[in-house]
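> Residue numbers (this note's numbering): 1478 to 1697. No residue lacks a Cβ here, since even glycine has one placed at the ideal position from N, Cα and C. From a predicted model like this one, the values you see are computed outputs, not experimental measurements. This is the structure I have questions about; it appears just below.
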């Protein structure tokens, strides 16, 4: 091959090489995206079954606008709260999920002149995140189990509605029939609170009337 032809061939190869390195043939793959940072998750409130058990003596704070709260009461419906060694010392009934800013009241009360025997046990919660009627059902089931393990007998009857009193909402009672008297479980629920109580040896009508009065001192 002549020197001229070699020079021409070299020029063609160089031109092809430059063409292959042009912008349209550069690696166009996008750089890997930056790792996304997950947004911080809200901290869930404490529940009755997790890190801390709810306390019946939680300090009361102002209830959210338009809602009521439950409070400890030295007297409820004219009945004195049981104190001393005979007072309830633990959370006798599972109150369900407890979140921040919820209050729990667990108290028992003496009838006039009562010094021994089964007392009226009351449990109530406020600022309920779900439908308060569903929380009342949860408390009802727990109270019935407690009653049957602590002196009550018989199968629970269907709940019957009774006047709820000036606080409104719903108040219902059911009985655990036994001869010659009966134990009664009553429960209330409204827009933000729910509570239940066990009334040994009484009638549903009497228990409902007393429960409505007690509620007026427990729910503010």
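Going straight from the alpha carbon of residue 1694 to that of residue 1545, what length do you get?
Cα-Cα distance, rounded: 12 Å.
> How would you call residue 1684, buried or exposed, if buried means at least 16 neighbouring beta carbons within 10 angstroms?
Residue 1684 should be labelled buried.
> Helix, strand or coil for residue 1684? Go by DSSP, reduced to three states.
Of the three classes helix, strand and coil, the one that applies to residue 1684 here is helix, per DSSP.
> Can the beta-carbon of residue 1602 be found closer than 7 Å to that of residue 1572?
A contact, by the Cβ cut-off of 7 Å.
> Along the chain, where does the beta strand (DSSP E) containing residue 1574 start, and where does it finish?
Run containing residue 1574: none; DSSP gives neither H nor E here.
> Let me know the secondary structure DSSP gives residue 1616 once reduced to three states.
Helix, per DSSP.
> Would you say residue 1611 lies against chain C (beta-carbon separation less than 7 Å)?
Protein chains in the displayed structure number just one, and chain C is not present.
> Distance check for residue 1653 and residue 1596, CA to CA, integer angstroms please.
If I take the Cα positions, the gap works out to 16 Å.
> Please state whether DSSP places residue 1511 in a helix, a strand or coil.
Only weak support exists for where residue 1511 lies, its pLDDT of 40 falling under 50; the value from the coordinates is given anyway. Note: residue 1511 maps to coil in three-state DSSP.
> Below 8 Å, how does it come out for the stretch 1612-1630 and the stretch 1582-1600: are there three or more Cβ pairs, yes or no?
Because the criterion of three Cβ pairs below 8 Å is met, the stretch 1612-1630 and the stretch 1582-1600 touch.
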